[in-house]
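First the structure, in the form of C-alpha cells, and then the observations on it.
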Ligand code: PGA
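Numbering (this note's numbering), first residue to last: 230 to 469.
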C-alpha cells in the first residue's frame, strides 16, 4: 500500500516544522509507504527536517525539460537532487487551471522517468462525464494518452474531479470498476503492470474501506493530509 499526502499550496514553514516533528517517532510499517508532496518551495526544507528515513518525498509537478529558458518551472533533475522519489503529474487542478492536456502530461512523465523519478499520473472524470455514462471511456483515453512507454515503475491515481475536496466518493463498485479497467488497459498496451491509487475525499473514516477494495493500491490524500493526526490515522488504516 502507498499513502500519498498531497499538500497542494498549503502549510507554512512553522506548520511544516510541527508536522514533520510530530511524525518522527511514529513507527512506519515496512509494508506501507508514506510519501509527502509539499509545494516545491518547501521540498528542501522537508528533506532537511525529516530524519525518519521511512518517509518518502515527492513533488506536485515537474517540467518536461531538464533545464532551459522556462521561467517559473521546476526541473525533474533538481527534484531528484533534492531527494524526491516521486512526482505527481496531470493533477486535475493542473489540467483545469494550467490547461495541461494528456499529451503534455505524457511529456512531463517521460522526463520525470529519465530523471529517475516515479511518476504518479492523475486521471479523473467530471461529474458531467460520469452522468452521461462516459466515465470508463474517458479514463481509458486519459490513461492511453498520458502514460509514456519508458517506465519501469509507475502509478496512476484515479481521482474523480467531482470527488476532490467535496466529501463525495464513488461507490465501491465504481472505484473497483475504474481501477480494474486501468490495470487491464495498461497491461494490454504496454505488457507492464501499474499500481493504482484512489484519490478524492479520503479521510480517516473511509480510508480503510476504500483500501479494502480490489485493485486499490493506496490513496492520494489532499485535505486530510494537512492534519498530522488524520494523516497518521489514514496511514494506520492501511497497515494489516
Ligand atoms: P482531497 O484531494 O483529498 O482534498 O479530496 C485529493 C487530491 O486532490 O489529490
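No residue lacks a Cβ here, since even glycine has one placed at the ideal position from N, Cα and C. Because the structure is a prediction, the values reported are computed rather than measured.
Contact between residue 444 and residue 409 holds: their C-beta atoms lie close to 5 angstroms from each other, under 8 angstroms. Taken in chain order, the complete alpha helix (DSSP H) segments of 4 or more residues contained in the segment 242 to 300 are 242 to 252 and 272 to 278.
A distance criterion of 8 angstroms places the beta-carbon of residue 268 beyond contact range of the ligand PGA, judged by its closest non-hydrogen atom. The alpha-carbon of residue 315 is positioned some 6 angstroms away from that of residue 288. The continuous alpha helix (DSSP H) containing residue 436 extends over residues 436 to 440. Counting other Cβ atoms within 10 Å of its Cβ, residue 290 reaches 16 or more and is therefore classed as buried.
DSSP links residue 348 through a beta bridge to 316.
The C-beta separation of residue 308 from residue 346 comes to about 6 angstroms, placing the pair in contact by the 8 angstroms criterion. Annotation for residue 443: no beta strand (DSSP E) segment contains it, and DSSP assigns it neither H nor E.
Relative to the non-hydrogen atoms of the ligand PGA, the Cβ of residue 356 never comes closer than 8 angstroms to any of them. Relative to the ligand PGA, residue 430 has its C-beta within less than 8 angstroms of a heavy atom. Apart from sequence neighbours up to five positions away, the residues of its chain that approach residue 424 with a beta-carbon distance below 6 angstroms are 384 and 446, ordered along the chain. Residue 235 carries a strand assignment under DSSP once its states are collapsed to helix, strand and coil.
For the pair of segments examined, the segment 330 to 338 was found not to touch the segment 388 to 403: the number of CB pairs separated by less than 8 angstroms stays below three. At a threshold of 8 angstroms, residue 392 counts as near the ligand PGA, since its beta carbon sits closer than that to one of the ligand's heavy atoms. According to the DSSP assignment, residue 449 belongs to the beta strand (DSSP E) that extends over 447 to 450. Put simply, of 463, 369, 432 and 292 the residue whose alpha carbon is nearest the alpha carbon of residue 318 is 292.
Between residue 436 and residue 466, the CB-CB gap stays under 9 angstroms. DSSP links residue 394 through a beta bridge to no other residue. By the criterion of a C-beta distance shorter than 6 angstroms, residue 375 is surrounded in its chain by 319, 331, 334, 335 and 350, once the five residues flanking it on both sides are discounted. A Cβ-Cβ separation of about 17 angstroms leaves residue 337 out of contact with residue 272 under the 8 angstroms criterion.
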